[in-house]
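Protein chains in written order, with the numbering used here: chain A, 55 to 167; chain B, 29 to 141.
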Amino acid sequence: AQSVTQLDSQVPVFEEAPVELRCNYSSSVSVYLFWYVQYPNQGLQLLLKYLSGSTLVKGINGFEAEFNKSQTSFHLRKPSVHISDTAEYFCAVSEPHDYKLSFGAGTTVTVRA
Amino acid sequence: DGGITQSPKYLFRKEGQNVTLSCEQNLNHDAMYWYRQDPGQGLRLIYYSQIVNDFQKGDIAEGYSVSREKKESFPLTVTSAQKNPTAFYLCATMGGTSGTLGFFGPGTRLTVL
Numbered sequence: 055a056q057s058v059t060q061l062d063s064q065v066p067v068f069e070e071a072p073v074e075l076r077c078n079y080s081s082s083v084s085v086y087l088f089w090y091v092q093y094p095n096q097g098l099q100l101l102l103k104y105l106s107g108s109t110l111v112k113g114i115n116g117f118e119a120e121f122n123k124s125q126t127s128f129h130l131r132k133p134s135v136h137i138s139d140t141a142e143y144f145c146a147v148s149e150p151h152d153y154k155l156s157f158g159a160g161t162t163v164t165v166r167a
Numbered sequence: 029d030g031g032i033t034q035s036p037k038y039l040f041r042k043e044g045q046n047v048t049l050s051c052e053q054n055l056n057h058d059a060m061y062w063y064r065q066d067p068g069q070g071l072r073l074i075y076y077s078q079i080v081n082d083f084q085k086g087d088i089a090e091g092y093s094v095s096r097e098k099k100e101s102f103p104l105t106v107t108s109a110q111k112n113p114t115a116f117y118l119c120a121t122m123g124g125t126s127g128t129l130g131f132f133g134p135g136t137r138l139t140v141l
């Protein structure tokens with residue numbers, strides 16, 4: 055069975071500064087990896103996903119993530135954040151063809167002016 | 029306009045009552061899921077269904093029941109056996125050409141009075 059650890063529960067950051075959200079996973083097989091964003095009292099929106107191929111994945115809203123198999127990590131980055139990026143971010147993993155997502159506990163990003 | 033509809037958005041229940049949360053989708057996705065979200069715990073899988081008339085327990089199925097009589101609908105009943113039902117409930121579907129795109133509904137916040 056797979057599991058996900060998000061290493062930071064809260065990340066405060068100033069507007070226009072870069073941000074990195076850390077995610078490590080454990081699995082005995084190959085995996086699919088995802089990052090989702092959740093705004094208050096809303097559902098989750100898919101930011102980006104890694105299925106195979108290039109380890110650098112670009113997503114919506116200027117986010118990108120890099121899959122590192124040797125370190126079993128899938129960290130999310132954005133070079134310059136906006137106030138509107140204030141939200142909770144979830145890393146998730148699934149096994150190919152399993153279709154069940156396992157989620158990390160989430161990282162709350164607060165962007166300050 | 030394709031998507032997932034969850035109703036109601038807010039739901040209040042007295043102890044000892046069963047309540048049913050609605051989830052409807054017009055994405056033509058085969059797989060549907062129910063997750064429970066509690067602060068600081070990420071999302072936990074309650075039940076999932078990959079085809080009509082079939083469903084499986086997730087990690088925290090006790091005190092919950094589901095049905096899948098139609099492809100478009102996957103209602104979740106929170107029974108009186110669920111000891112701590114106050115939470116945010118999210119319905120999701122899985123589909124798309126790669127079979128790994130996760131779409132989430134807006135959620136239902138259930139509060140037990």
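No residue lacks a Cβ here, since even glycine has one placed at the ideal position from N, Cα and C.
Predicted, not measured: the structure shown is a model, and the values here were computed from it.
Interface partners of residue i on chain B, CB under 8 angstroms
i        : result
Gly116/A : Neighbours of Gly116/A on chain B: none; closest Cβ ~20 angstroms, over 8 angstroms.
Ala79/A  : Going by the sequence as given, residue 79/A is Tyr instead of Ala. Under the 8 angstroms cutoff, chain B gives no residues; its nearest Cβ is about 13 angstroms from Tyr79/A.
Chain A residues whose Cβ lies nearer than 7 angstroms to that of residue i
i        : result
Tyr117/B : Residues of chain A passing the Cβ test: none, with the nearest at roughly 10 angstroms.
Gly133/B : Gly97
Thr122/B : Note that residue 122/B is Met in the sequence shown, not Thr. Ordered by position in chain A, the residues that pass the 7 angstroms Cβ test against Met122/B are Tyr153.
Leu73/B  : Lys154
9 angstroms Cβ cut-off: residues of chain B touching residue i
i        : result
Lys112/A : Ordered by position in chain B, no residue passes the 9 angstroms Cβ test against Lys112/A, which lies about 16 angstroms from the chain.
Chain A residues whose Cβ lies nearer than 8 angstroms to that of residue i
i        : result
Gln53/B  : Those do not exist, as Gln53/B stays about 12 angstroms from chain A at its closest Cβ, beyond 8 angstroms.
Gln69/B  : Ala159
Ser59/B  : Note on residue identity: the sequence assigns Ala, not Ser, to residue 59/B. Those are Tyr153, listed as they occur along chain A.
Gly130/B : Phe88, Tyr90, Leu98, Leu100, Ala146, Leu155
Rounded straight-line distance, which links the Cα of residue j to that of residue i
i        : j        : result
Leu100/A : Tyr93/A  : 12 angstroms
Leu118/B : Gly133/B : 6 angstroms
Arg150/A : Val85/A  : One point to set straight first is that residue 150/A is Pro, not Arg, in the sequence displayed. Approximately 6 angstroms, taken between the alpha carbons.
Leu73/B  : Ile32/B  : 17 angstroms
Lys85/B  : Gln78/B  : 12 angstroms
Leu102/A : Gly123/B : 15 angstroms
Leu105/A : Ala167/A : 35 angstroms
Leu55/B  : Pro36/B  : 20 angstroms
Thr107/B : Ser127/A : 38 angstroms
Lys111/B : Leu141/B : 13 angstroms
Gly160/A : Arg131/A : 15 angstroms
Leu40/B  : Asp139/A : Per the sequence shown, residue 40/B should be read as Phe rather than Leu. One C-alpha to the other measures close to 31 angstroms.
Pro67/B  : Asp58/B  : 29 angstroms
Asp62/A  : Val80/B  : 39 angstroms
Asn122/A : Tyr79/A  : 10 angstroms
Ala109/B : Ser108/A : 47 angstroms
Val135/A : Phe117/A : 9 angstroms
Gln125/A : Pro113/B : 37 angstroms
Phe131/B : Ala120/B : 5 angstroms
His129/A : Lys98/B  : 38 angstroms
Ala71/A  : Ala119/A : 17 angstroms
Chain-ordered neighbours of residue i on chain A, where CB pairs are closer than 9 angstroms
i       : result
Tyr76/B : Tyr153, Lys154
Cβ separation of residue i and residue j, assumed to be a contact under 8 angstroms, to the nearest whole Å
i        : j        : result
Leu104/B : Tyr75/B  : 7 angstroms
Gln60/A  : Val147/A : Between Val147/A and Gln60/A the Cβ distance is about 11 angstroms, and since that is not below 8 angstroms, they are no contact.
Cys51/B  : Phe102/B : 5 angstroms
Gln96/A  : Gly135/B : 7 angstroms
Val58/A  : Val163/A : The Cβ separation is near 17 angstroms, so there is no contact.
Gln53/B  : Glu100/B : 6 angstroms
Validate contact between the region 71-78 of chain A and the region 135-151 of chain A using beta carbons, cut 8 angstroms, 3 pairs: They touch, by the three-pair rule.
Cβ pair count under 8 angstroms reaching 3, the region 110-121 of chain A against the region 79-99 of chain A: Contact between the region 110-121 of chain A and the region 79-99 of chain A is established, with three or more Cβ pairs separated by less than 8 angstroms.
At least 3 beta-carbon pairs within less than 8 angstroms: the region 88-95 of chain B vs the region 152-164 of chain A: Not touching, per the Cβ criterion.
Touching by the beta-carbon criterion (3+ pairs, under 8 angstroms), the region 63-80 of chain B and the region 40-51 of chain B: Between the region 63-80 of chain B and the region 40-51 of chain B, the count of C-beta pairs closer than 8 angstroms stays below three; the two stretches do not touch.
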